[in-house]
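**Student:** Residues in the sequence shown are numbered consecutively from 1, following the UniProt record's numbering.
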Amino acid sequence: MANILIIDDSPTDVRVFTTLLERAGHQVVAVSTAEEGIERVRSDLPALVIMDVIMPGMNGFQATRTLTRDPVTSAVPIVMITTKSMETDRVWGLRQGARAFITKPVNEKELLACINELLPSAT
Numbered sequence: 001m002a003n004i005l006i007i008d009d010s011p012t013d014v015r016v017f018t019t020l021l022e023r024a025g026h027q028v029v030a031v032s033t034a035e036e037g038i039e040r041v042r043s044d045l046p047a048l049v050i051m052d053v054i055m056p057g058m059n060g061f062q063a064t065r066t067l068t069r070d071p072v073t074s075a076v077p078i079v080m081i082t083t084k085s086m087e088t089d090r091v092w093g094l095r096q097g098a099r100a101f102i103t104k105p106v107n108e109k110e111l112l113a114c115i116n117e118l119l120p121s122a123t
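What follows is the structure, given as structure tokens:
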């Protein structure tokens with residue numbers, strides 16, 4: 001299936017998302033900082049990125065903006081998954097270039113449907 005990069009500083013969330021995605025047949029790599037995530041996206045060009053918002057240092061909004069404005073990484077779809085549930089957060093995340101914005105706790109079927117919709121058909 002697809003190579004998916006998780007950028008999230010919560011080991012629990014990373015474990016949950018990794019298990020869910022691997023069970024669906026995807027290959028998963030995870031990093032715990034936005035800065036490391038940006039470098040991994042640039043070097044690996046994953047099929048999709050799962051991005052947390054609240055992280056130490058650079059936040060997910062800033063990282064999403066950086067990736068979607070870089071010609072090398074702009075085609076990689078980003079799904080923001082966060083506890084931030086205000087409508088303004090969703091709008092801001094989408095304005096930064098995220099293709100989807102999902103609030104925690106995540107519904108497994110909703111997440112997988114979203115990912116399958118965003119993945120390039122070649123994966």
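The beta-carbon is built from N, C-alpha and C at its ideal position, and this holds for glycine as well.
Using a 10 Å radius around the Cβ and a threshold of 16 neighbouring Cβ atoms, would you call Thr19 buried or exposed?
**Tutor:** Exposed.
**Student:** Could you tell me the alpha carbon to alpha carbon distance between Asp70 and Leu5, rounded to whole angstroms?
**Tutor:** 17 Å
**Student:** Please say whether Asp44 and Ile81 have beta carbons closer to each other than 8 Å?
**Tutor:** no
**Student:** Measuring CB to CB, does Thr73 end up less than 8 Å from Val106?
**Tutor:** no
**Student:** Report the three-state DSSP secondary structure of Asn3 (helix, strand or coil).
**Tutor:** strand
**Student:** For the UniProt domain "Response regulatory" (3-119), list the beta strand (DSSP E) runs that are entirely contained and at least 3 residues long, ordered along the chain.
**Tutor:** 3-7, 27-31, 48-51, 78-82 and 100-103
**Student:** Can you check which of these residues, Leu112, Ala30, Phe61 and Gln62, is closest to Pro11 by C-alpha distance?
**Tutor:** Ala30
**Student:** Report the rounded CA-to-CA distance for Lys109 versus Leu21, giving the unit in angstroms.
**Tutor:** 11 Å
**Student:** Report, in whole angstroms, the separation of the C-beta atoms of Leu67 and Val76, which I expect to be a contact under 8 Å.
**Tutor:** 7 Å
**Student:** Within a Cβ cutoff of 6 Å, which residues of the same chain sit near Gly25, ignoring the five residues on either side of it in sequence?
**Tutor:** Met1.
**Student:** Once the 5 residues before and after Asn116 are set aside, which same chain residues still bring their CB inside 7 Å of it?
**Tutor:** none
**Student:** Please report the straight-line C-alpha distance between Gly60 and Val14, rounded to a whole angstrom.
**Tutor:** 15 Å
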